[in-house]
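Below you'll find the structure, written out as structure tokens, and then a few comments.
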Amino acid sequence: MFKFNNINLDIWTETYGISFYLTYLSRWPDLCCVQEAPNGHMMGYVIGKAEGHGQDWHGHVTALTVAPEYRRLSLARKMMSLLEMVSDETYKGFFVDLYVRCTNSVAISMYEGLGYSVYRRVREYYGSLGLGRASKDEEDAFDMRKPLSRDPHRRSVRANGREFVVSAHDVS
Amino acid sequence: MSTALDRQIRPIYDALDTQSNKSAVLACNKVLKKQPNNVLVKALKALALVRLQKVEESLLLADEVLAKKPTDDGVLTAMMHVLRGLGRHSDIVAMFETAYKQHPQNEDLGTQTFFANVRVGNWKAAQQVATKMHKQFQDDRYLYWSIFSAVLQANDMATPEALRPVLLKLALRLISSGNTPSYFNPDRFYVHLLILRELEMYDDAATLLNHEIGQKICETSLVCDEIRRDIMKLKGACKQEGEQAKVKILEKKDRNWLEFLSLLDATFWDIASTSEPASEDVKAAVTEEIAKTRKVFSEAATVDGLKDRSGLLALLELEKRTKSHGLWTDACEIRMMAENYFSQFGDKACCYEDLLPYLAFEGEELEQWTSFLNSRKSFDTPDTLQRSINVYKLLRYNLTSAELTPELELARAQEYIKVYLDGLKFGVNLPDTELQPADDFAILVGHAYVSLWKLTGEESHLQSAAATLEYASARSKQSYRIRLLLIRIYHLLGAPALALDHYRLMNVKQVQTDTLSHLILSRAAMWSLAPLGDITYMSECMEASQIYMSNSTETAEFIARAFSTERYSQIIDFIEFEDRLDNSLQRDLMKVEHVRMRVAHEPLNAELVDMELIELKFIFDRIHHDNRDFEVIPNYQPRCQPSFNEQTLPLKPPGAGWLSAYLKVYIRAFQELPLRERLVKKRQEEIDDLSEDEKLFYEYTLALSEWVGPYHDYVRPPPSALLAEAAKSNDLKPGHPLKSMAAAANGSATNGHSKKDEEPPAVKESPELIPKFFDDMKSRFDAVISGTALPSELLHIVATTQEAYLLFALETVRFKPNSIIKQYKFGQLAQSFKDLRVKASSILNEMSTVLAKLGEEVATPDGRKAFVQASSSIQDSSGFDHDFVLGVAKKTTDARKQTYEGIAKGLAKVVKNHS
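Residue numbers (full-length UniProt numbering), protein chains in the order written: chain E, 1 to 172; chain F, 1 to 915.
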């Protein structure tokens, strides 16, 4: 946390309180990972957790971010595959899911490329970025999922997820 | 609990849950009327009171509850929060221990007792509790609690050296006594490995690691893999690791940089592992290894192509190490590798930082490299723009001192501006949340102008830098890197308000305040208008200090939680994190800044002195960690020049020595007791950390307290009374002084002059150093005014003089009342004080008048015109809008005027208040 300024000063990355980071580290340290450059600078990190009951038991990506100067190097792809691997092998989850702003088209197409698909659209999940472009898309989130080896029949995903809308109150 | 009682108590909990603490107190009183001995309600009332800051009442109630030795879960939980709020952490431990002793069968009480010890870092007691629990409840989890507590006790600085191996051996013995082997889960396995490593039992560790399950764990657990690498290295099994790494790189396509490092270490092992000069045979063998490794890395690079940069970077590192070990390598090898890397990854932003360690070229190599780069400039697409940015940065890095003339730098600045403005076309349609692709050219402009300022000493170059960077910042609103440069430049230009604006727009928060608040709070007292009642910087200090509060309330809890989820691998990190924040250098630097501003802001009364003294003494013996982040400030200056950070610091950044010097200054000034030797002693480390003016100031304060000290000693009430007072105050939580206490301290300081037996100390003339200091500062001030120094230097001199004046007032305030002068026959002394005060006042007043006049001059149309003219270079080259530059000129000169005038008025006010 003493070294993440180059990443967290970027507008897309939120800086949380101590308890946020320590909660994740004290419960799911193996779903949290930092990538460092050879010179010791932080390039990016991922924070995740395992949650849900029964068939819904899954890995969740809470934060995934890469510093501006280390973008376009497939770092996010590598961190996602680590998180999927741990969710699959250590936690035996059925799928991995994540939320993304509907406007963040770069991220959405990257996740689609990694095998994720939209499961549902969550209304007003995010706060406004406060930049004066109050559009619905900015505050709504897509819940995107990718099935793991425990879900060979792909029960955790559906094809028409973009039309499936729920309110933010209905999700955890 | 009966339902009737439950009905009465529910509303109390509800009120507490919703933070309605006042109604919680009322609800408690209602129940207590009927049941005056209800312990739970008393505890809840104490909780509501402590939240209402009614510390004294809460203390009394809490003691009543504790005396009853509660064991009820609800009471204990409430009391835990009460005592935490009161800062009585050791009482929490005692409370749970007492409860657990009464009910040794209660597993939950045992757990709570263990956690209470964990929270305060009492590992020895924690270990004993866990051992007892393991015997009682036969759960391996408690066994590991006890094992890890022993490990932590061994790690603790307070544990004697000889005891450490004993504790670790005990821990190891305990592991083998468990019902399940340690590889039951990765974190227990980690604990086992950790103990073996600390005991240097590397072979045993290797046996565990080579076991099938051990290997499996290391594949998925990064922490176990990390300690595995460490152990293998310590064991000297570098070559074996290298072999494994080779397999991973080639067959599993593992691109973890640590694997590449393992292979590199293995390659040079035969040379690097001994201090003796290598024989020809060894050299030949290593050279052969190098060739093999080169093949591995080349293969990885070919397979990956553009997908991963590890292979090419490893090749560079290989050549660099080959050269540094004095083994033959073709002179052009590193350059060819760098060119190769650039050809593949030149259009990525990381290229510059990746290549930097390998580029210290000279002579012909440098020429070739430069011409290679020059042929790679192009500006057709966003990708080639990024490549050109890298070209310009890399060229700049290798400039020699001969190439850094003002003319050439100016030409460079103008070229950077041109390509920047051209490059803006690639970002025209981007939303304002995006960074402009050409931003880094503007940052280069800033660098070139700062370098020009350093070369020529002309302030105009800083103004040009500010104008260009403001322009870029308006086009790339999210670029924090541009703001970082502006913050530094505005401070140099004497416009701290603008620096603060940019800092606030960066939205620094939480733990970032520890690492980044230095940007605006280093020596903030020199910018502060506190004497005028402006508390901007004081509140910034308070806000930035919030993180230390949350650290002390939250982090320990997570150490306990990590025990409960058995995440041992995280605990050591959490403890280190807690310590680094708790003993952060920036934390206490801010504390001292706050005191310096407070002294200028408030009347110098006993309340201020007592409270600050306690806090300053509290931090005096800390061993500090410097968490400040200077790396985040971009640096593209040539390698023969200091970094941008170093160039733009108004003064050397305050370090541990500075802190120690200023702590001594203020503790001495606030001190009620005879000076202890270590407060008077100067250390070289302190002197080295001070600016020239601060050195004079430091000498001055020493002379002052040495001179005034004996009179204080004579007048002050007997030390025993004060000691008792101090002991009482120390029991209180710092930051929550009780009003009655402050009043008591006040009383004893003024009422206690019973006539003493001995004669008053002979009145001595003031040491020469004291008046001389003020004269020196005056001549420093005059010299700077007539020279070309920056506003920041001027303000530093003024602030130091003002601080000296305030300290003089602080040290002599006791001798002001006529009654004291009469009683102790201090007439002559009072006269000396008065003479000095008059002298210092007149100097401060003079400074004030000159500053006010300067402020007037700077913000006139003429002043702005001078600014615009100074920045003519950026307009000539680019058609930068004249009005835009004028706008920046107005903002900057207005801000400087505001600062000058504010500080001038502040000086006058300080003089008036204390004369």
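Glycine included, C-beta positions come from ideal geometry on N, C-alpha and C.
Note that this is a predicted model, so its numbers are computed, not measured.
By the neighbour-count definition (other C-beta atoms within 10 Å, threshold 16), Glu259/F is a buried residue. By the neighbour-count criterion, in which 16 or more other beta carbons inside 10 Å mark a residue as buried, Ala159/E falls on the exposed side. In the three-state reduction of the DSSP assignment, Lys292/F falls in the helix class, which pools H, G and I. If you compare the alpha carbons of Gly446/F, Gln102/F and Phe114/F with that of Ser90/F, the shortest gap goes to Phe114/F. For the 8 Å CB-CB criterion, Asp151/E and Thr220/F do not form a contact. DSSP places Pro654/F in no alpha helix (DSSP H); its state is neither H nor E. Cβ-Cβ distances below 6 Å link Ser848/F to Ala904, Leu907 and Ala908 in the same chain, with the five nearest sequence neighbours on each side left out; the list follows chain order.
With fewer than three CB-CB distances shorter than 8 Å, the region 342-353 of chain F does not count as touching the region 12-32 of chain E.
Note on the region 269-325 of chain F: whole alpha helix (DSSP H) runs with a minimum of 4 residues are 269-272, 280-304 and 310-324, in chain order. Here Val65/F is not near Met80/F, since their CB atoms are 8 Å or more apart. Under the Cβ distance rule, Phe2/E counts among the residues neighbouring chain F, one pair being separated by less than 8 Å. Along the region 76-99 of chain E, going in chain order, the ones with a CB nearer than 9 Å to a CB of chain F are Lys78, Leu82, Met85, Val86, Glu89 and Thr90. Going by DSSP, Asp883/F is part of the alpha helix (DSSP H) stretching over His882 to His914. Using a Cβ-Cβ cut-off of 8 Å, Tyr480/F is close to Leu9 and Asp10 of chain E, given in chain order. Here Lys169/F is actually not in contact with Leu196/F; their C-beta atoms are around 11 Å apart, not less than 8 Å. Under DSSP, Phe95/E shares a beta bridge with His58/E and Pro147/E. Take the alpha-carbon of Lys253/F and the one of Arg77/E: they are about 15 Å apart. In this structure, the CA atom of Arg668/F is about 7 Å from the CA atom of Leu679/F. Inside the region 501-586 of chain F, DSSP marks whole alpha helix (DSSP H) runs of 4 or more residues at positions 512-516, 518-521, 536-550, 556-564 and 568-582, from first to last along the chain. By the neighbour-count definition (other C-beta atoms within 10 Å, threshold 16), Ser109/E is an exposed residue. In this structure, Arg628/F is the residue among Leu616/F, Arg628/F, Ala562/F and Tyr537/F with its C-alpha nearest to the C-alpha of Leu581/F. Bridge pairing for Leu64/E: Val46/E [DSSP]. The beta-carbon distance between Arg567/F and Asp187/F, rounded to whole angstroms, is 6 Å. This is short enough to meet the 8 Å contact definition. Here the alpha carbon of Ile334/F sits roughly 6 Å from the alpha carbon of Glu319/F. If you draw a straight line from the Cα of His211/F to the Cα of Tyr119/E, it is about 42 Å long. Cβ contact annotation for Glu901/F (same chain, cutoff 7 Å, sequence separation greater than five): Ala852 and Gly855, in chain order. Residue-level contact by beta carbon fails for Phe426/F and chain E, as no gap is shorter than 8 Å. Interface criterion not met: the Cβ of Glu251/F is under 8 Å from no Cβ in chain E. Taking Val25/F as reference, the option from Asp17/F, Leu5/F, Leu49/F and Ala4/F with the minimal CA-CA separation is Leu49/F.
Under the Cβ criterion of 8 Å, Pro357/F is counted among the residues facing chain E. The beta carbon of Trp145/F sits closer than 7 Å to those of Phe114, Ala130 and Phe563, all from its chain and outside the five residues before and after it, given in chain order. Around the beta carbon of Asp775/F, fewer than 16 other beta carbons sit within 10 angstroms, so the residue counts as exposed.
Rounded to the nearest angstrom, the gap between the Cα atoms of Leu61/F and Lys891/F is 57 Å.
In this structure, the beta-carbon distance from Lys22/F to Leu52/F falls below 8 Å.
At a cut-off of 8 Å between beta-carbon atoms, Glu353/F makes contact with chain E. For the options Phe2/E, Asp56/E, Ser105/E and Phe164/E, the alpha carbon positioned closest to that of Ser87/E is the one of Asp56/E.
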